[in-house]
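Q:
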Ligand code: ATP
Ligand code: MG
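In my numbering, the protein residues as written are 18 to 475.
1. Following the continuous beta strand (DSSP E) through residue 331, name the residue where it begins and the one where it ends.
2. Measuring only the C-alpha atoms, how far is residue 104 from residue 66?
3. Just checking, does the segment 292-309 make contact with the segment 250-263 on the three C-beta pairs under 8 Å criterion?
4. Measure from the alpha carbon of residue 237 to the alpha carbon of each residue in 228, 248 and 229, then state which is nearest.
5. Quick one, which of 268, 211, 213 and 259 has its alpha-carbon nearest residue 233's?
6. Measuring CA to CA, which of 190, 310 and 75 is closest to residue 275?
7. Cβ of residue 123 within 7 Å of any heavy atom in the ligand MG?
8. Leaving aside the five residues before and after residue 124 along the sequence, list all residues of the same chain whose C-beta is less than 7 Å from its C-beta, in chain order.
9. Note down the Cα distance separating residue 47 from residue 116, rounded to an integer number of angstroms.
10. For the beta strand (DSSP E) that residue 143 lies in, which residues bound it at each end?
11. Does the distance between the C-beta of residue 70 and the nearest non-hydrogen atom of the ligand ATP fall short of 7 Å?
12. Reducing DSSP to helix, strand and coil, say where residue 169 ends up.
13. Sort 399, 437, 217 and 204 by Cα distance to residue 351 and report the nearest one.
14. Look at the alpha carbon of residue 130 and the alpha carbon of residue 150, and state the distance between them as a whole number of angstroms.
15. Pull the bridge partners of residue 77 from the DSSP assignment, please.
16. Could you check what DSSP says for residue 453 in three-state terms: helix, strand or coil?
17. From the beta carbon of residue 380, is the nearest beta carbon of chain C less than 8 Å away?
18. Spatial neighbours of residue 145 within its chain, please: CB distance less than 8 Å, with the 5 preceding and 5 following residues excluded, ordered by chain position.
19. Between residue 142 and residue 77, what straight-line distance do the alpha-carbon atoms span, to the nearest angstrom?
20. Flag residue 110 as yes when its Cβ comes closer than 7 Å to any non-hydrogen atom of the ligand ATP, and as no otherwise.
21. Do residue 164 and residue 126 have their C-beta atoms closer together than 8 Å?
22. Per the DSSP calculation, residue 105 is bridged to which residue(s)?
23. Would the beta-carbon of residue 246 be found less than 7 Å away from any heavy atom of the ligand ATP?
24. Does DSSP classify residue 87 as helix, strand or coil?
25. How big is the Cα-Cα spacing for residue 244 and residue 340?
26. Rank 423, 383, 407 and 347 by C-alpha distance to the C-alpha of residue 369 and give the top, closest one.
27. Using the three-state DSSP reduction, which class does residue 230 fall into: helix, strand or coil?
28. What first and last residue would you give for the alpha helix (DSSP H) that runs through residue 312?
29. Go ahead and pull the three-state DSSP assignment for residue 209.
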């Protein structure tokens, strides 16, 4: 059984009564739509819907989002399920983003209806997934509303021993409150009841939204050992949403980082890519470096950083330029460009003075490809980009201008030039329009000493 921290603001055990406190009840400014400044957690609606059979009652907060912030198709899905006699809520990232004033990327629904029931209610739907079946309800323009049946948390102590076991056990249908407890962070464990305009909070998520903190549902070390990828998710949410990480969670990241070696490699690749795409990659990799996570994921980069002179901020300036461009374009850069930018400086160092730069780049990248399951397509392109960069930087673009690789190569050269201010941006590239030079860039933060892990648990 996953143990849960009874601490204030943390998660509560399923059998522990939830007593909403006024301090939890302040609505974040962005989410406010009426004139009142504060509000108390609401008393339960006329018909008590929770707390039957000893199930825990959630704290309930009345929150009405502005017109247009909730996807009308997601609302349609919830309403049809509710009319069909099922419980259905908006859940996860969408509720979190609405509450902190961001536009959700997508809207997920959780429901008491089983996949076949959902499928019956929506002709425009399909069941996906083998282990855990969920339903994609399809709308125009390729929009998908992911609709999942409530699941319960894994119950076995051994769940943390093996990824496989965890996934199998993560697969059992449950109730709404169990579905809240199985989620990773309190800010991701809030449910929104569209019928009553209520946020249902079993996990202390509202308090953490309010204090802008990333905190696990339950004991951080347990939750990270159950699924080490959550470490990277904590870093992503902290960086992207500009939240703090609670000291307990921070220490658990330091302690459990070694468990990342046991995580499924394709998931690691995906999560690192998400950090790069986040528009906050500098903060994310800084956090990863500071916590020692980078030593596990990319020791090539962390040793390069450790050996740099105190005033050399090139890696951080490059990531800052990646973030600036991502935010400006409102879409992530190409995956190959992102990986090249991340590894550029240590790779250039590895290739410097080598006769066969392609070979040197290959030798550098191979262990990374292996560790993080980097697709061959990306690794090959990164290797060639780094090998060819000096020619392009010297203006000898020649025949490369016509190759498929050239747009990525040009982006990398321009981004690096803009970040480090080493040369004028190239004439033809779209990035030159951005007009950023190192002079415009905010001064990079001074290097800080990395925090020593108290215990290396794994
Ligand atoms: P994003 O905006 O980056 O998509 P998200 O919170 O929606 O953020 P998803 O990866 O789409 O993240 O996951 C949806 C929800 O599923 C999360 O909000 C969380 O509640 C739950 N979840 C995702 N991954 C995990 C995990 N590894 N462990 C437990 N719960 C998870
Ligand atoms: Mg999501």
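The beta carbon of each residue, even a glycine, is placed where N, CA and C say it ideally should be.
A: Taking the structure as given:
1. For this step, residue 331 is matched to residue 314 along the chain shown. No beta strand (DSSP E) holds residue 331; the alpha helix (DSSP H) holding it covers 331-346.
2. Here the question's residue 104 lines up with position 87 in the chain shown. Here the question's residue 66 lines up with position 49 in the chain shown. If you take the alpha carbons of residue 104 and residue 66, they lie about 10 Å apart.
3. yes
4. For the purposes of this step, residue 237 is taken as the residue at position 220 of the chain shown. Nearest option by C-alpha distance: 248.
5. To locate residue 233, count along the chain shown from 1; it is residue 216. For the residues 268, 211, 213 and 259, the minimum Cα distance to residue 233 belongs to 268.
6. What you label residue 275 is simply residue 258 of the chain shown in a count that begins at 1. Ranking 190, 310 and 75 by Cα distance to residue 275 puts 310 first.
7. Locating residue 123 in the chain shown gives position 106, counting from the first residue. Flag set: Cβ of residue 123 near the ligand MG.
8. Locating residue 124 in the chain shown gives position 107, counting from the first residue. So the list reads 88, 91, 107, 111 and 162, once near-sequence residues are dropped.
9. Here residue 47 corresponds to residue number 30 of the chain shown, with the count starting at 1. Here residue 116 corresponds to residue number 99 of the chain shown, with the count starting at 1. Here the model assigns residue 47 a pLDDT of 35, short of 50, so the residue's position is not dependable, and the following value carries that caveat. Distance between the alpha carbons of residue 47 and residue 116 is about 7 Å.
10. Taking the first residue of the chain shown as position 1, residue 143 is located at position 126. Segment 142-145, the beta strand (DSSP E) holding residue 143.
11. Translated into positions along the chain shown, residue 70 becomes position 53. Checking every heavy atom of the ligand ATP against the Cβ of residue 70, none is found closer than 7 Å.
12. Taking the first residue of the chain shown as 1, we reach residue 169 at position 152. Coil at residue 169, not helix or strand.
13. Translated into the one-based positions of the chain shown, residue 351 becomes position 334. Closest option to residue 351, Cα to Cα, is 399.
14. On the chain shown, position 113 is the one that residue 130 refers to. On the chain shown, position 133 is the one that residue 150 refers to. Distance between the alpha carbons of residue 130 and residue 150 is about 12 Å.
15. If you number the chain shown from 1, residue 77 lands on position 60. Answer is 217, bridged to residue 77.
16. Translated into the one-based positions of the chain shown, residue 453 becomes position 436. Unreliable positioning characterises residue 453 in this predicted model, as indicated by a pLDDT of 31, which lies under 50. The coordinate reading is nonetheless provided below. It is coil, neither helix nor strand.
17. This model lacks chain C altogether; it includes just one protein chain.
18. Translated into positions along the chain shown, residue 145 becomes position 128. These residues qualify, in order along the chain: 151, 152 and 153.
19. Looking up residue 142 in the chain shown gives position 125. Looking up residue 77 in the chain shown gives position 60. Each residue's alpha carbon lies about 31 Å from the other.
20. Your numbering for residue 110 matches position 93 in the chain shown. Yes - the ligand ATP has a heavy atom lying nearer than 7 Å to the Cβ of residue 110.
21. Residue mapping note: residue 164 aligns to position 147 of the chain shown, counting from 1. Residue mapping note: residue 126 aligns to position 109 of the chain shown, counting from 1. Against a cut-off of 8 Å, the Cβ pair of residue 126 and residue 164 comes out as a contact.
22. Counting from 1 along the chain shown, the entry for residue 105 is found at position 88. Per DSSP, 128.
23. Here residue 246 corresponds to residue number 229 of the chain shown, with the count starting at 1. Yes; taking the cut-off as 7 Å, the Cβ of residue 246 has a heavy atom of the ligand ATP nearer than that.
24. The count along the chain shown starts at 1 and reaches residue 87 at position 70. Note: residue 87 maps to coil in three-state DSSP.
25. As a position in the chain shown, residue 244 is number 227, starting the count at 1. As a position in the chain shown, residue 340 is number 323, starting the count at 1. Spanning the two alpha carbons is a distance of roughly 28 Å.
26. Locating residue 369 in the chain shown gives position 352, where the first residue counts as 1. It is 407 whose Cα lies nearest to the Cα of residue 369.
27. Translated into positions along the chain shown, residue 230 becomes position 213. In this structure, residue 230 counts as strand in the three-state DSSP scheme.
28. As a position in the chain shown, residue 312 is number 295, starting the count at 1. From DSSP, the alpha helix (DSSP H) with residue 312 extends over 310-314.
29. In the chain shown, residue 209 corresponds to position 192, counting from 1. Strand at residue 209.
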